[in-house]
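Heads up: the sequence shown is residues 1030 to 1228, going by the numbering used here.
Each remark here refers to the structure printed beneath this line.
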Amino acid sequence: MPQGQPSVVPDDGLTTRQRRNRPLVVVHTGVGKGKSTAAFGLALRAWNQGWPIGVFQFVKSAKWKVGEENALRVLGASGEGGSVDWHKMGEGWSWVQRDAQMDNEEKAREGWEQVKRDLAAETYKLYVLDEFAYPMHWGWVDTGEVIDVLRNRPGTQHVVITGRNAPGHLVDFADLVTDMSKVKHPMDAGQKGQRGIEW
């Protein structure tokens, strides 16, 4: 295990062990590729620890089959690590303009209500809220409410939120934030997404 030294030791009254085991809110945002991929990598680590995992895919089409879904479902059913539940909330594409997304607004709100119920019940140890930054950015789900619910969630539930344009208040609140920047992408040169790379 990495033995890095913290640059600051907070005066929060917690022991090192208590602070180490504190549940985290993680945000993967930015215009670069890899936000969801990184979140699913965390899900693999959680599965290995035997944690129950809930994946909530917002905005992306329910028909969209990502490779991580199949892999995590197989792993979850294997009985060797944690369980995996996969919930799809959207009917469109995350990068389509808002006007084409109106059907997703209601589904995003319904999805958030389900996440709130699961957090209250402590259903999962790791929540992957994939593309959830979009519903907050578009005003479909209130960022202040999200922060309040996450701040007051019971137990030791970790939450990972992905998507471009994560609201500033969420970024300020989160424990770990990664901004994926793009240097180059083959799509910029006219190449379409390909099997095994984009899905």
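Where is the CB? At the ideal position from N, CA and C, for every residue including glycine.
Keep in mind that this is a model prediction, so the values were computed, not measured.
Rounding to the nearest angstrom, what Cα-Cα distance links Ala1149 and His1198 in this structure?
Within the sequence shown, the letter at position 120 stands for residue 1149. Within the sequence shown, the letter at position 169 stands for residue 1198. So the two alpha carbons sit approximately 22 Å from each other.
Can you give me the C-alpha to C-alpha distance between Asn1194 and His1116, rounded to a whole angstrom?
Here the question's residue 1194 lines up with position 165 in the sequence shown. Here the question's residue 1116 lines up with position 87 in the sequence shown. Distance between the alpha carbons of Asn1194 and His1116: 22 Å.
Is the beta carbon of Val1084 less than 8 Å from the beta carbon of Val1113?
The residue labelled residue 1084 in the question sits at position 55 within the sequence shown. The residue labelled residue 1113 in the question sits at position 84 within the sequence shown. It is a contact, given that the beta carbons lie within the stated cut-off.
Taking 8 Å as the threshold (C-beta atoms), are Met1118 and Lys1136 in contact?
Working through the sequence shown from its first residue, we reach residue 1136 at position 107. Working through the sequence shown from its first residue, we reach residue 1118 at position 89. In contact: Lys1136 and Met1118 (Cβ atoms closer than 8 Å).
Classify Ser1065: buried if its beta carbon has 16 or more other beta carbons within 10 angstroms, exposed otherwise.
The residue you call residue 1065 lines up with position 36 of the sequence shown. So Ser1065 counts as buried.
Measuring only the C-alpha atoms, how far is Thr1152 from Ala1218?
On the sequence shown, residue 1152 is found 123 positions in, with the first residue counted as 1. On the sequence shown, residue 1218 is found 189 positions in, with the first residue counted as 1. Taking the straight line from one Cα to the other gives about 44 Å.
Which partner residues of Ile1082 appear in the DSSP bridge assignment?
Start at 1 with the first residue of the sequence shown, and residue 1082 comes out as number 53. Answer by DSSP bridge pairing, in chain order: Val1113 and Leu1155.
According to DSSP, is Leu1053 helix, strand or coil?
In the sequence shown, the residue the question calls residue 1053 occupies position 24. In this structure, Leu1053 counts as coil in the three-state DSSP scheme.
Should His1214 go down as buried or exposed, given a rule of 16 or more other Cβ atoms within 10 Å for buried?
For the purposes of this step, residue 1214 is identified with residue 185 of the sequence shown, where counting begins at 1. Result: exposed.
Taking 8 Å as the threshold (C-beta atoms), are Gly1105 and Trp1080 in contact?
What you label residue 1080 is simply residue 51 of the sequence shown in a count that begins at 1. What you label residue 1105 is simply residue 76 of the sequence shown in a count that begins at 1. No; because the gap between Cβ atoms is not below 8 Å, this pair is not in contact.
My output table needs one value for Leu1179: the three-state DSSP class, helix, strand or coil.
Locating residue 1179 in the sequence shown gives position 150, where the first residue counts as 1. The DSSP-derived three-state label of Leu1179 is helix.
Using three-state DSSP, classify Thr1185 as helix, strand or coil.
What you label residue 1185 is simply residue 156 of the sequence shown in a count that begins at 1. Shown here, Thr1185 sits in coil according to DSSP, grouped into three states, outside any helix or strand.
Distance check for Gly1222 and Arg1046, CA to CA, integer angstroms please.
Here residue 1046 refers to the residue found at position 17 of the sequence shown. Here residue 1222 refers to the residue found at position 193 of the sequence shown. Here the alpha carbon of Arg1046 sits roughly 44 Å from the alpha carbon of Gly1222.
Are Val1157 and Pro1164 close, meaning C-beta to C-beta below 8 Å?
Residue mapping note: residue 1157 aligns to position 128 of the sequence shown, counting from 1. Residue mapping note: residue 1164 aligns to position 135 of the sequence shown, counting from 1. No, Cβ-Cβ distance for Val1157 and Pro1164 is not below 8 Å.
Is the CB-CB distance between Leu1155 and Ala1100 below 8 Å?
On the sequence shown, residue 1155 is found 126 positions in, with the first residue counted as 1. On the sequence shown, residue 1100 is found 71 positions in, with the first residue counted as 1. Their beta carbons are not under 8 Å apart, which means Leu1155 does not touch Ala1100 by this criterion.
Give the range of the alpha helix (DSSP H) segment to which Leu1043 is assigned.
Sequence index remark: in the sequence shown, residue 1043 carries index 14 (1-based). Where Leu1043 is concerned, there is no enclosing alpha helix (DSSP H), given that its DSSP letter is neither H nor E.
Does the separation of the CB atoms of Asp1204 and Val1054 fall below 8 Å?
Residue numbering aside, residue 1204 sits at position 175 when the sequence shown is read from its first letter. Residue numbering aside, residue 1054 sits at position 25 when the sequence shown is read from its first letter. Contact flag set, yes.
Return helix, strand or coil for Val1170, following the three-state DSSP convention.
Position 141 of the sequence shown holds residue 1170. The three-state secondary structure of Val1170, taken from DSSP, is coil.
Closest to Arg1224 by C-alpha separation, out of Gly1059, Val1200 and Glu1097, would be which residue?
Along the sequence shown, one-based indexing puts residue 1224 at 195. Among Gly1059, Val1200 and Glu1097, the Cα nearest to that of Arg1224 is on Glu1097.
Leaving out the 5 sequence neighbours to the left and right, which residues in its chain are closer than 8 Å to Ser1210 when beta-carbon positions are compared?
The residue you call residue 1210 lines up with position 181 of the sequence shown. For Ser1210, the CB contacts under 8 Å within the same chain, skipping 5 residues up- and downstream, are Gly1059, Val1060 and Gly1061 in chain order.
Quick check: the Cα distance between Glu1160 and Phe1087, rounded to an integer number of angstroms?
Taking the sequence shown and counting its residues from 1, the one referred to as residue 1160 is at position 131. Taking the sequence shown and counting its residues from 1, the one referred to as residue 1087 is at position 58. For Glu1160 and Phe1087, the distance between alpha carbons rounds to 5 Å.
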